[in-house]
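Residue numbers (numbering that gives the first Met the number 0), protein chains in the order written: chain A, 0 to 488; chain B, 0 to 488; chain C, 0 to 488; chain D, 0 to 488. Using N, Cα and C, we set each Cβ at its ideal position, and we do this for glycine too.
There are 4 protein chains.
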Amino acid sequence: MGVKIKMPLKSPEEYLESIKRTVNLYMFGKKIDEFWNHPIIKPSINTVMKIYELAQMEEYKDLMTVKSHLTGKLINRFTHIHQSTDDLIKKVKMQRLLGQHTACCFQRCVGFDAANTLYSVTYEMDKKCNTDYHTRFKNYWLEVQEQDLMVDGAMTDTKGDRSKRPKDQADPDAYLHVVETKDDGIVVRGAKVHQTGFLNSHRTIIMPTLALRPGEEEYAISFGIDTNVKGITMVYGRQSCDTRKTEPDELDIGNFKFGGQEVFVIFDNVFVPRENIFMNGEIDFSGELVNRFGGYHRQSYGGCKAGVGDVLIGATALISEYNGTDKASHIKDKIVEMNHLNETLYSCGIACSSLGFQREAGNYEMDMLLANVCKQNVTRFPYEIGRLAEDIAGGMICTMPSEADIKSEEIGPLIEKYLTTCEGMCVEDRYKVLRFIENLTMGVASVSYKTESMHGAGSPQAQRIMISRQVDLEKKKNLVKNILEIDSE
Amino acid sequence: MGVKIKMPLKSPEEYLESIKRTVNLYMFGKKIDEFWNHPIIKPSINTVMKIYELAQMEEYKDLMTVKSHLTGKLINRFTHIHQSTDDLIKKVKMQRLLGQHTACCFQRCVGFDAANTLYSVTYEMDKKCNTDYHTRFKNYWLEVQEQDLMVDGAMTDTKGDRSKRPKDQADPDAYLHVVETKDDGIVVRGAKVHQTGFLNSHRTIIMPTLALRPGEEEYAISFGIDTNVKGITMVYGRQSCDTRKTEPDELDIGNFKFGGQEVFVIFDNVFVPRENIFMNGEIDFSGELVNRFGGYHRQSYGGCKAGVGDVLIGATALISEYNGTDKASHIKDKIVEMNHLNETLYSCGIACSSLGFQREAGNYEMDMLLANVCKQNVTRFPYEIGRLAEDIAGGMICTMPSEADIKSEEIGPLIEKYLTTCEGMCVEDRYKVLRFIENLTMGVASVSYKTESMHGAGSPQAQRIMISRQVDLEKKKNLVKNILEIDSE
Amino acid sequence: MGVKIKMPLKSPEEYLESIKRTVNLYMFGKKIDEFWNHPIIKPSINTVMKIYELAQMEEYKDLMTVKSHLTGKLINRFTHIHQSTDDLIKKVKMQRLLGQHTACCFQRCVGFDAANTLYSVTYEMDKKCNTDYHTRFKNYWLEVQEQDLMVDGAMTDTKGDRSKRPKDQADPDAYLHVVETKDDGIVVRGAKVHQTGFLNSHRTIIMPTLALRPGEEEYAISFGIDTNVKGITMVYGRQSCDTRKTEPDELDIGNFKFGGQEVFVIFDNVFVPRENIFMNGEIDFSGELVNRFGGYHRQSYGGCKAGVGDVLIGATALISEYNGTDKASHIKDKIVEMNHLNETLYSCGIACSSLGFQREAGNYEMDMLLANVCKQNVTRFPYEIGRLAEDIAGGMICTMPSEADIKSEEIGPLIEKYLTTCEGMCVEDRYKVLRFIENLTMGVASVSYKTESMHGAGSPQAQRIMISRQVDLEKKKNLVKNILEIDSE
Amino acid sequence: MGVKIKMPLKSPEEYLESIKRTVNLYMFGKKIDEFWNHPIIKPSINTVMKIYELAQMEEYKDLMTVKSHLTGKLINRFTHIHQSTDDLIKKVKMQRLLGQHTACCFQRCVGFDAANTLYSVTYEMDKKCNTDYHTRFKNYWLEVQEQDLMVDGAMTDTKGDRSKRPKDQADPDAYLHVVETKDDGIVVRGAKVHQTGFLNSHRTIIMPTLALRPGEEEYAISFGIDTNVKGITMVYGRQSCDTRKTEPDELDIGNFKFGGQEVFVIFDNVFVPRENIFMNGEIDFSGELVNRFGGYHRQSYGGCKAGVGDVLIGATALISEYNGTDKASHIKDKIVEMNHLNETLYSCGIACSSLGFQREAGNYEMDMLLANVCKQNVTRFPYEIGRLAEDIAGGMICTMPSEADIKSEEIGPLIEKYLTTCEGMCVEDRYKVLRFIENLTMGVASVSYKTESMHGAGSPQAQRIMISRQVDLEKKKNLVKNILEIDSE
C-alpha cells in the first residue's frame, strides 16, 4: 500500500512511545496505569497512529503533509495553518481519507481547528488590545509543528443550569475560569467534557464555550497546556459496548482495530504559565473565538463523517452480497440513497472550504454560513444512513449469537450451518460484517458516527442560530422588493 | 397502584415458577443452567411477569383480561381470540400500556398473533381440504387459556441464499421442514431466528416464513410445541451492552428492571405429535397464514412501540428539565414532534383495528392494508424519535463516566459537582435518565425500539409489497376516468 | 351506478334551484348576477350537487344518510349530530368517498363540524350560565335537517396585526364583533375569510377565531345567519388558473367538472336576530368552541384529502401506463409511497374517530389529540404525494401545448403525432390526465389539495400547540420515574 | 445600481432588436406574429435581457464576463468555455445572481452547458474517429462569442413508448433522427420538448436524449442550427396562470416583470449544413455526450434555483413582517430551515465545481458524482422550501380577491380595510408579495421553481442511475475488508 518515505515527521511508533507518560486517569472507578496498554483505550490510540502512518506514505503525501508557512518544512497537515482555499479543501479530503481508513473519530481535528482559530483571533486581539497573544501562540504552535505533536482542543464546559449565564451559576466552576492570577501565570478551575482526543494528545488548547459578557471576564480564557500537568484529572467515559473490547474474543467488537473514546476532564486549580495564555478576559473576542472554532470544526464533519459513511456503505453493500439480496432493486436504490446523503455531506464540507477567505492574519477560513449548513446536515444524514444500513443488513445484527458460541465445539458447527447463505460466502466474514454494522449503528462506534455527529462542534440549534445570523435576510427582502418595485425603507 | 383481585389467572410468581424447567440453552459458548437466575436474562423475565402482574390489577382489568369465547371464563387477553373490533382496539391499547410499563418488548404478542391467525386459517383449510386442523388448534389453545400459558410464535427461517427459493437451497434445512413422517407425528429440522420470547415461553407456535409453491410442501408446516422438547437448542443472541447487566452496578444498564432478548433456535430432528400439527403441506394456505400473521403482528407494533415511545418522550422531557433547557422554544417544539410521530404510530394501530372485519371462523381480523401502513411507519418514526431524544439529551449520554466512577470515593464527589445542573436536581436522577436514554437509543433496548421496529413482523419491503397488493389501483384509476370521462377498458 | 331511492332529502336539482337567490357577490371588480351560471363558480356548485346526488343512491345510503336523533327521520349525514363513534368513523368514510368522486373540496364539512361543536358547547354554556343557547341551536338545526340545507361555517377573521390581541388592534373590526345590541338582536361588523362554501350555502354559522379574554367579550360571538342577508358582501377569491374555466375549451381546466372556491366575506353592520345567537360574550367558552370545531374539522381532513389523494394516485398510475413506465421498479415504488402516505392520513382520521367519546350533551366528539395529529400530517403528506405525482407524470404537465393547439387543424395532427406513446393509448386521454395532474399539483385544485391542507382548520402551528396541550407530559415523566425508581414530586 | 461600462457585448436593447425575426410559432391554436410584443412571452424576454444588462454593469463584471480563451476578448460568461475550476465556481455564482434578479429561469444555461460538453466530446471523437467535429464546433462557437448570441440547447425527445428503444418505436420520429443524407448536409425529423429558451435564442444546439446502441446510428446526431430555419415549428406550452399576463392588471401575475416559458419544437425535415454537424452516428460517444451535458446542467441547478430560493425566502420574510408574525419563534425557525435547504443546494453546486477537472481538450468539467447529487437535492428541497413559504404566508395566497376587486371603487376600500395588518404596512405591498409567493408556489413560476427542478436536466431517477454508476462500491467494500481483514477477491 505505498512506499514509506523519509521525512521529519513522527512515525506511528514514535508517537506511541511519546504518549507513554503518567496521567491522572480513572475508569470504572479505578486509577489506570499505562493506559496505552488498556484494551478499551488501545483502538483509540491505533486510530491516532493511523494518522502518523498515512502521513509517511507516498500516495497520501499530498493530502497528509504540507509545507509549513512558518518554517518551510514538510509538516503533518494536522499542524498546518491554512494558507489557501486549496488547503481548506485538502483538509476535508484528508479527513474523509482518515474516516475511510478507521471508520471512527481520529481525534486530531479539534486541536487543528483550535489552532487555526487562535491564529487569526489572537492577531486581531493584539491589534485592538495591544496584547502579544499572536506571538505567544505562534511560538507555542511552532513547537507543535517541529515535534509533530498531537494536540487536542477543549471547549465544552459542564454548564450547570443551562438557563443561566456563567456568572449566575450556583457553582462558579460550572464554566472553567480563572481563580487566581499570579505573576507568571494563572490558576484555573472547572471541567471540560466530551473530550475525544485529550488522553491521546500531548497538549490541549482550552477555549471558552460561549460568548461572554461584561462581568464574565474570568471565563474569557484560552490557553495551551500539556495534558498531564498537575491538577488535571481525567475520567474515561462509559460508552455502548465498551467492555466488549476487554473480552477474549475480538470479533464481537465489530471494528476491532480502531475506535474513539470520550474523556471527562477536571481542572482542579491548574497552573498555566503566562506564555501559554492566548486570551484572558477579552470578552469582546470570546464570541468570535467560539464561532470561528465552531466554523472550522463544522467544516471538518463534512469530511470525517463522509469517510466513515463510505465504510458503512461498503459494509452494507458487502452484507447484501453475503445475504444474496444485492440484486434486488429496492436494495440497490437504498444504497444509492445512502451514497446520495453521504456525498451531500461531503459537498457541504467542500463548498464551505472552496468559498473560504483570507483573514487579516494571513490564514484562510472556511465560509461561515456554509460550514454551519454542513454540520446541520451532519446532525441528520448519518442517522438516516445508519437506518438504511440496518434495513439492508437484516435483523441478524442484533439477534446473532456471540463469537464464543460460533467458536464453541459443541454448538459452533450448528450455528455455522445456519448462518451460511450464498455459495462461496465465508460465515466468519458475514459475522464480521454484521458485527461491524452493529458497531456503527448501535455499538461503540455509533457514539461517534451518530451522537457525536449530533452534538460535536455544537448541537443542531447552535448551527441554526449561526445560520440565522449569517444569512442576510434584509438583502433577500430587497431582492423581492426590487422585482416588485416596493420601496425599501 | 391499584388493588389486586382474585381471578383464575397465573400470578407473576406462579408464572416464574412454571418456567423453571430444563432447556438446552447456550450463551457465550457455554451451557446455561437455571436461566431464570441469569442476570442477562432476568430483565426479560421481569417483563413477562409484568404482563401477569397488570392482569391482576383492577385498574387494568378491562384491557388486560377478557371473557373467553371458548369457555366463558375470564382469561388474560394475550390468550384471547378476538371477537370484535373492540377486542382489536383493546389489544393495541394493552400493548401501549405494557410498553409504557416496561419500555421494552414484552414478547407475548407473537404467540397471541399466531393463535388468531391459525384460528381462521385452520378453519378455512378444513373447509377446503377436509382436514381437522381447526379442532386440533382449538384444543391446543384451550389448554393455553386454561393454564394462562406464555406462548411464543416462530416464523423467520435462516433462509440461506435469499435470492433462491427454499427448495433450491444448497442446504435444505435453510428453511425448517419435515424430514420424516411417522404414524403419530412428524420430525422437523431447521432453525428459527430472531426469537424474542422463545426462552420465556411454555410453548411456541411454528409457522412457515413465506408463501410456498408446488414442490415445497415439506416447508408448509405449522405446529405447536413445548419450548423444551428434545432436539431444540437455543443460543442466546449477543446484543449491544448486554454484559452491563452482569456488572455489579446496575445504573449503567439504563433500564435496570426490564428488557428484551433474542434467541437463535435450532430444531435438530424434533418430533411433533400429530395432534399439535396445524398445517402440513397445504401450500395454498401458506401465503395466507404468513400474511395474516404479518398483519396481526404489524398491528401490534402500533401499540407497543408507541408505549415505549411514551417512556422515551417522558425521559427526554425529564432530562430537559434536569438540564435547564425545558423552557427553550426549540426544545418544546422537538418534544411536540416526538409526540406527533408517536401518536401517528398509535393512530395507525388503532385505525387498522377499528376497521377490522369478521372471518368465516367467527374471529376478527385487522384491516390488512392499514396494518401494513402502520408497520411501515414503525420502520421510520422510532428512529426519528430516538434522534430527537439524543438531540435534547445532549452529548452526555455517550461521554459520561460510569456509575463506578460516580460512586468512587476518590473522584465521585468531583464528578457529582460537575454533573450538577439546576437547583433541586439530584445528580443520580440525572445519571439514571441519561443512561436510560442511552439504553433506548444505542444500548440494549435500542435493539427492540429501533432495529426490531425495522425488521420485526417483516422488513420494510415486506410491507411495501403488501401495500402494493392491498391497494386497489384499478379502482383508483377508475375514479379519475369517471371524472375525466375516459372510457375504461 | 346504483338505483335512486325515495327519501325526504333534496335532490341535486332541488338544491340547485334553492340556491338561486340574490347575493351581493363581486368578482374581478364586478358585481355578479346569477352566480350559478358563472363558469368559474359552476364546478363548485357541481361539487355540492354531487353530495346531494350520492345521498340518493342506494349503494352509498349507509354512509351518506343517517337517522336523525332529533326527528328519527332519514337525513343527509352532513346535517347529523354524531351519536356514536361509528357515526364519527362514517363521517370520515363519507368524506373520503366524496373526495374520490370530486377530487376537490366539497365544502359541506365546515357547517357540519360547526353544528356538532355548538351542540355540546351551547349545552355546557347553558348549564353554567343559565342561557338558552342549546334550545336555540337545536331549533335552528332542526330546520337544517328538515330542509336538507347546505350550511357553511365561518371562523377566520382577517386579524389585522397578528402580534396583537383583538382588543388592541388599530381597527376594531379586524375581528368580527358586536357593534350594537338591540332588543331583538345584535349588529355585527367585521370580515370572515377563506370561506369555501359560503356562496353555495343557504346558511352559515359564525364563530370566533380564537380564545378570548376579559375585555374582549364583544368578539365572543357565534350565530347562524342566511348567507344573503343585508350587509353581507362577498368577494370571490382569485386562484391559480381560475380563468381557464371561462375559456371555450374545457380540457385545459384539468378537472372540468368539479372544483372548489374561496370567498372573502364582509359583514358591514349585519343584524342577527336574537334566536339565532348561540354565544354572546361568554369568553370562558370561546376557547373551547374554537378547539372543538378545530378538532372536528381536523378529523375531517383525514377523510377528504385521502379521497382526493386516491384520485391523484389513480391519475399517476394511469399516466405511467400511458407513458409506458408503469413496469419500472422505481415508479412502482413511488406509487407505493404515495399510497402509504395517503393511507396514513386516513388512518389518523379513523383513529381519532374510533377513540371518540360522548359529551354531556349526548353527542360524540373525536379524540382531540389524534385529530390534531391527523391534521398535522395533512400539512405535510399531500405535498409529498403531489411531488411524487409530478415526478412520475413527467415534465409534460407544464410544457404541453394547449387544447386549442391540439385541436388546431394546422398543427394539431403534428402535436398528436408527437404526444403518442404506447400502442392503444389515446392522445386525448393522455392530455386529460396530464392536465388533471397539473390541476391538482399547481392548478386551481392545488389550492384545496395543498394550501388548504396546510391552513384549513388551522395552520400547522395551531395543531402543534394543541398537541403540546393534549399530551400529558407529566404522566410520561412518571412512566420513566416509575421504571427508574425516581421519586416524583 | 452600478455604472455601465463600454465593452464589446450586446446591450439588452441590441439583444431585443436581434431576436425580432420571423419564426413559425403557435399559441392557443393561432400563429403568433411579432412574438416579442406578446404579453405572455414578454416577461421571458425581459429575463434574457437582464442577462445582457448585468453583463454591462461594473459590479457584476467579474461574474458576468470573462476573457475568451479563443480570442482573448471580454465575452459574456454564458458563451465561455471553462478554463479552470474557478470558472466553474463563477458559473454557479453567476446563476445564483441571475436567479436573485429574476426569480425565474433565465434560459441561457442550456446552450452554455451544451457548448462546454461538445467542446470536449468533439475533441475526443476527432481523436478516435478522425473526424473534424472539434474544429467545426469551435468555428461555430467563435461566432457565438463574437456576436454575444443567445444559444439554446435541445435534448429531450418525445420518446413515444418509454419502455421501448428508439429503433423499436412504432413511429421512428419519436426520437429526432437523420432521415436523409445529402452532399452538403443532412435532413432531420422529430421533436424536442421542454424547450425553455428556444424561442428567445438566436441559435440552438441539438443533442441526442440518451446513449444509443448499434442500429440506432441515425439517432446519434448533434448539430447547431438557427432557431428560425425552414421546417421548424414551435408550439408554446400552456402553463399555470399564463393568461394572467394578458389581463389589464399586472399585480395578479405575481412576478410581473420576469418569467419563464416552455416551447414544444417540431423538426419537420429540417436541413442542417455539414459544417454545423457535431456528431453523426458516433453511438459510442452519445452516452458520454448525454452524461456530460447532464452533469454540467445538474451543476447549474445548484446556482439558479438557490438564487430563486433567495427571493422566495426574502418574500416569505417580508410577508411575515407584513402579517406581524416575524417575531414568532416557529416562524423564525422555519425561515432558518428554508435557508438551510437553499444553502445546501448551493453547496452542492459549488462543491461539484470546486472538484472539477481538466479534459484532454483543455476545458474544465465539474465532478460528475457531485453534480448528480446536487440535482437530486434540487428535486426535493425547492418543494419543501415552497411548502414552508405557503405555511408562513398564510391561506391568503389562495383566497385573496383579485387586483380588480381591490382597485374597484365600490368594494376596493372595504377590502383594503380588511387586508390592513400592521402599522406602517402598505396593503398594495402586502398584495404584491402574496401574489409573488403564489406565483412561485402554484403560479407560472412554480413551473420553473418546482416541476422544472424535478425534471430539468433529467428526472430524479436519471440522477440515481448516475450516482450508482459514479460511486465506486468496490472501493468502499475494500475499505471495510481492510479494516476487518477480509480477503478481497
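Listing by chain order, which chain C residues have their CB less than 8 angstroms from the CB of V490 (chain B)? Residue numbering for chain B in the displayed model covers 0 to 488; residue 490 (chain B) lies beyond these limits and cannot be assessed.
Which bits of chain D does D332 (chain B) rub up against, with CB to CB less than 9 angstroms? S328, H329 and D332
Tell whether a beta-carbon distance below 7 angstroms holds between F136 (chain C) and F277 (chain C). yes
Since E179 (chain A) sits in a beta bridge, which residues does DSSP pair it with? A:V186
Looking at the secondary structure, which residues open and close the beta strand (DSSP E) in which R291 (chain B) lies? Run containing R291 (chain B): none in the beta strand (DSSP E); it sits in the alpha helix (DSSP H), I282 to N322.
For P171 (chain B) and L211 (chain B), believed in contact at Cβ under 8 angstroms, the rounded distance: That belief does not hold up - the Cβ atoms of L211 (chain B) and P171 (chain B) are roughly 13 angstroms apart, past 8 angstroms.
Check for me: the alpha helix (DSSP H) holding S353 (chain D) runs from which residue to which? S328 to S353
Please confirm if V234 (chain B) has its CB atom under 7 angstroms from at least one CB of chain A. yes
Would you mind stating whether T450 (chain A) and E389 (chain B) have Cβ atoms separated by less than 7 angstroms? yes
Exposure of D486 (chain D), with buried meaning 16 or more beta-carbon neighbours within 10 Å: exposed
I'd like the span of the beta strand (DSSP E) that includes T64 (chain B), first residue to last. T64 to K66
List the residues of chain C that E422 (chain D) touches, going by C-beta distances under 9 angstroms, in chain order. D160 and A169
Coarse secondary structure for K5 (chain C), derived from DSSP in three states: Only weak support exists for where K5 (chain C) lies, its pLDDT of 42 falling under 50; the value from the coordinates is given anyway. Correct three-state label for K5 (chain C): coil.
Check whether the stretch 236 to 247 of chain B and the stretch 35 to 52 of chain B touch, using three or more Cβ-Cβ pairs below 8 angstroms as the test. yes
If you follow the beta strand (DSSP E) that G159 (chain B) is in, where does it begin and where does it stop? That residue, G159 (chain B), is in no beta strand (DSSP E); it is neither H nor E in DSSP.
Taking S239 (chain B) as the reference, which of B:M233, B:S162, B:T130 and B:G259 has the closest Cα? B:G259
Let's see if you can read the secondary structure: which residues bound the beta strand (DSSP E) around D225 (chain C)? I220 to D225
Among residues of its own chain, excluding the 5 on either side of N438 (chain B), which ones have a beta-carbon nearer than 6 angstroms to its beta-carbon? G253, N254 and A444
Along the chain, where does the beta strand (DSSP E) that runs through V470 (chain C) open and close? Run containing V470 (chain C): none; DSSP gives neither H nor E here.
For N199 (chain C), name the three-state secondary structure that DSSP assigns. coil
Which residues in chain D have a C-beta closer than 9 angstroms to the C-beta of V264 (chain A)? List them in chain order. Near V264 (chain A) there are no residues of chain D at all, since even the closest Cβ is about 29 angstroms away, more than 9 angstroms.
Quick check: the stretch 80 to 91 of chain C against the stretch 15 to 31 of chain C, are at least 3 beta-carbon pairs closer than 8 angstroms? no
Across which residues does DSSP place L24 (chain A) in a beta bridge pair? A:M233
If you drop the 5 nearest sequence neighbours on each side, which residues of the same chain put their C-beta closer than 7 angstroms to that of G442 (chain B)? S239, C240 and G253
With P42 (chain D) as the anchor, note down where its alpha helix (DSSP H) starts and where it stops. K41 to L53
Taking buried to mean at least 16 other C-beta atoms within 10 Å of its own C-beta, is S328 (chain B) buried or exposed? exposed
Nearest to I50 (chain D) by alpha carbon, out of D:T101, D:G294 and D:V109? D:T101
Relative to the C-alpha of I334 (chain D), which candidate in D:Y321, D:T315, D:S346 and D:C347 has its C-alpha closest? D:T315
Nearest-angstrom Cα separation, counted from T157 (chain D) out to F197 (chain D): 16 angstroms
is_contact[N338 (chain B), chain C] using C-beta, thresh 7 angstroms: yes
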